[in-house]
Amino acid sequence: MASQQQDATPSNPRGIPTAPFVDKVEDYVSTRADVEPTLRNFQEMISKYQFMELNLQKRMGGLNDKIPDIQKTLDSVRFLKLRKDESEPVETTFELNDTLYAKAKIPPTEEVYIWLGANVMLAYEIDEAEALLESKLSTAKLSLSNCEEDLDFLREQITLSNTVKMAAQTQIAPELVAPELDSNYDKFDYPTKAAVAQDGHPGHCTEAQKAQIHQLRMMLEAEGITSRLDTLTLLRFLRARKFDVNAAKAMFVEFDKWRKEIHLDALVPTWDYKEKEQMLQYYPQYYHKTDIDGRPVYIEQLGSINLTEMRKITTDERMLDNLAVEYEKCADPRFPAASAVKGSLVETCCTIMDLKGVSLGNASQVYGYVKQASVISQNYYPERLGKLYMINAPWGFSAVWGMVKGWLDPVTVKKIDILGSSYSKELLKQIPAENLPEKFGGKCVCKEGCHNSNAGPWQEPQWKNKAWWDKPEAKQQALEALKGTSKDPHVLVNEGGETVTAATGAAVAPPAGTADAGAPAKATA
1191 MASQQQDATP SNPRGIPTAP FVDKVEDYVS TRADVEPTLR NFQEMISKYQ FMELNLQKRM
1251 GGLNDKIPDI QKTLDSVRFL KLRKDESEPV ETTFELNDTL YAKAKIPPTE EVYIWLGANV
1311 MLAYEIDEAE ALLESKLSTA KLSLSNCEED LDFLREQITL SNTVKMAAQT QIAPELVAPE
1371 LDSNYDKFDY PTKAAVAQDG HPGHCTEAQK AQIHQLRMML EAEGITSRLD TLTLLRFLRA
1431 RKFDVNAAKA MFVEFDKWRK EIHLDALVPT WDYKEKEQML QYYPQYYHKT DIDGRPVYIE
1491 QLGSINLTEM RKITTDERML DNLAVEYEKC ADPRFPAASA VKGSLVETCC TIMDLKGVSL
1551 GNASQVYGYV KQASVISQNY YPERLGKLYM INAPWGFSAV WGMVKGWLDP VTVKKIDILG
1611 SSYSKELLKQ IPAENLPEKF GGKCVCKEGC HNSNAGPWQE PQWKNKAWWD KPEAKQQALE
1671 ALKGTSKDPH VLVNEGGETV TAATGAAVAP PAGTADAGAP AKATA
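If you're matching positions, the sequence shown starts at 1191 in this note's numbering and goes up one per residue.
Right under this line is the structure:
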């Protein structure tokens, strides 16, 4: 008997079983063959919990409707009890239907009839009716309190089961999985817990912040938004707005609106930046390997910018589209691969902005890029900047920097270092020499040129996973979505920078709601 009690599954006071706590995922998954049955078991457990959660919510809804009715009936019985010794009847109105009432007089009474449901109505003495209703009200309130406790308990078990399920699915140790994740929205196959314990970052959220994630998600779903509601994305928007849920919601709604206006979800799988090689002559910008914190390194060289020549090659719209596409490709596959190598979540970049060649003559163009970049990165891709080095800063740049800082969030400003021509020592503190291009003081010399290599763990077979946009079905769906728009891959750019159809050469108008954005912005993350 003692053995049976010891083996019994622990549960809460109402018999809801406790989810198993897995200290080591290896206890459940030691080989690939264990993955499927383990996932199946945990999914069954989660489904049962979710079924119980749904029933509890329905029951709570019924109790919340029932309790006021019982209270109202009890108040009426108590009123009649107070008047039972009086000789005058109580005047009231009697409902004949929804819109028709009749006057009625209720004589003093010692007895009332209570509707019990199922076509049953019984007579009770007033004192007996009062006691019965008080008991029913107390029972209903206790049931509601128990339901609330059970609902909290169930949600804890669902969170725990989700964490173990994702750990088993990815064969990632549970300690590397952020506990805030929800398997209904989060489908990550790489570590999701931030390495450094920073407030509001994955794996380091307070209970209040976890509730705010859920609140933001529900608010966005109520707005009809169903994509990109994963926990990591929502946390970035919440951090960007200091966990003001309404402000984060407004920011996300604008982000979603912008994506739809430029057809971004369809643009990424079909993007072909044919003019890239020519554009690199005037505006080199590229990702290249990682820094000591595992972050992708992004490099921009602003000294060669010549908007006049660039606009002979392409349009401002395509430059901005390319910026958006590169942000998406940083999110997948660069960040997942970098996270897998690091063993903890990587969701920001280390950026080098080379100002060599920037002069007062072209300063307005350069600073225009910086301003637009701050708008795009902060409004649509918040919390992507890990570190920014501005190197080869020209004489007098400090004064200009004082102006530029006004466009940036103070938290962002703290991530930025302004360096002159003696920058290599500082860069090498953050970026290994073998990862830093030789031209910036490192030892890397890629065969095809560092600016063309896209070198990094996202290119290495052991870390590389096929991105969502690189799958055949994604491309086919995207092609259908882009038909008849200026983003259609069959639309070309002529020598004058005008978008034309490949078949006729006729100019194509930009889609409604898309404004000419001027100079392209940098793709800092």
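Note that beta-carbon positions come from the ideal geometry of N, C-alpha and C, so glycine has one too. Quantities reported herein were computed from a predicted structural model and do not represent experimental measurements.
Would the beta-carbon of L1617 fall within 8 Å of that of G1631?
yes
Environment of M1543 [buried if 16+ CB atoms lie within 10 Å]:
Per the 10 Å Cβ criterion, buried.
Do you know how far the Cα of E1573 is from the Cα of R1426?
6 Å
Strand pairing of I1415, partner residues [DSSP]:
Bridge partners of I1415: none, in fact.
Measure the CB-CB distance between Y1473 and P1486 and report whether it falls below 8 Å.
no
Tell me the DSSP secondary structure of H1453 in three-state form.
coil
Cβ of L1672 within 8 Å of Cβ of T1460?
T1460 sits close to L1672, with the two beta carbons spaced by under 8 Å.
DSSP on F1269, reduced to helix/strand/coil?
In this structure, F1269 counts as helix in the three-state DSSP scheme.
Compare the beta carbon distance of V1443 and E1413 with 8 Å and say whether it is the shorter of the two.
yes
Measure the CB-CB distance between G1390 and F1433 and report whether it falls below 8 Å.
yes
Short Cβ contact (8 Å threshold) for G1547 with S1612:
no
In terms of residues, what are the limits of the alpha helix (DSSP H) holding W1659?
No alpha helix (DSSP H) contains W1659, which DSSP labels as neither H nor E.
Straight-line gap, A1319 to L1244 (C-alpha atoms, nearest Å)
34 Å
At what residues does the alpha helix (DSSP H) containing H1641 begin and finish?
C1640 to S1643
Consult DSSP for F1427 and reduce its assignment to one of helix, strand or coil.
helix
Give the single residue among L1535, L1286 and E1276 whose Cα lies nearest to the Cα of P1297.
Measuring from the Cα of P1297, the nearest candidate turns out to be E1276.
Where does E1507 land, buried or exposed, given buried means 16+ other C-beta within 10 angstroms?
Sixteen is the threshold: when 16 or more other Cβ atoms of the shown chains lie within 10 Å of the Cβ of E1507, as they do, the residue is buried.
Name the DSSP bridge partner or partners of F1343?
Answer is none; F1343 lacks a bridge partner.
To which residues of the same chain is E1281 closer than 6 Å at the C-beta, ignoring the five residues directly before and after it?
K1295
Quick check: what's the CA-CA separation for P1523 versus A1456?
Straight through space, the alpha carbons of A1456 and P1523 are spaced by roughly 17 Å.
Between the alpha carbons of N1309 and L1246, how many angstroms are there, rounded?
27 Å
Taking the alpha carbon of A1385 as the point to measure from, which residue in G1592, A1530 and Q1667 has its own alpha carbon closest?
A1530
At least three beta-carbon pairs within less than 8 Å, the stretch 1339-1348 to the stretch 1227-1244
yes
Can you give the Cα-Cα distance for G1205 and G1251, rounded to whole angstroms?
The C-alpha of G1251 is placed about 21 Å away from the C-alpha of G1205.
With a threshold of 8 Å, are at least 3 pairs of Cβ atoms found where one atom belongs to the stretch 1601-1608 and the other to the stretch 1571-1588?
yes
Please work out which residues of its chain come closer than 6 Å, Cβ to Cβ, to K1561, disregarding the five sequence neighbours upstream and downstream, and give them in chain order.
For K1561, where only same-chain residues beyond five positions count, the Cβ hits under 6 Å are W1597.
Using a threshold of 8 Å, state whether the C-beta atoms of Q1402 and L1428 are closer than that.
yes
So, with DSSP's three-state summary, where would you put G1687?
Reliability fails at G1687, whose pLDDT of 49 lies under 50, so the model's placement of it is uncertain and no value is given.
Based on the DSSP secondary-structure assignment, which residues constitute the bridge partners of T1283?
K1293
Which residues in the same chain as E1663 place their Cβ atom closer than 6 Å to its Cβ, once the five residues preceding and following it in sequence are excluded?
Around E1663: no qualifying Cβ.
What separation, rounded to the nearest whole angstrom, lies between the Cα atoms of L1323 and L1264?
6 Å
Please list the segments of the alpha helix (DSSP H) lying wholly inside the stretch 1384-1416, counting only runs of 4 or more residues, in order along the chain.
When DSSP assignments are scanned along the stretch 1384-1416, the uninterrupted stretches of alpha helix (DSSP H) that are 4 or more residues long and fall wholly within it turn out to be 1397-1412.
Own chain residues within Cβ distance below 6 Å of A1368, not counting five before or after
T1382, K1383, P1392 and G1393
Under 8 Å Cβ to Cβ from T1199, same chain only, skipping five residues before and after it: list those, please.
P1207 and T1208
Contact check, K1262 vs T1299, beta carbons under 8 Å:
no
With DSSP collapsed to three states, give me the class of A1583.
Coil at A1583, not helix or strand.
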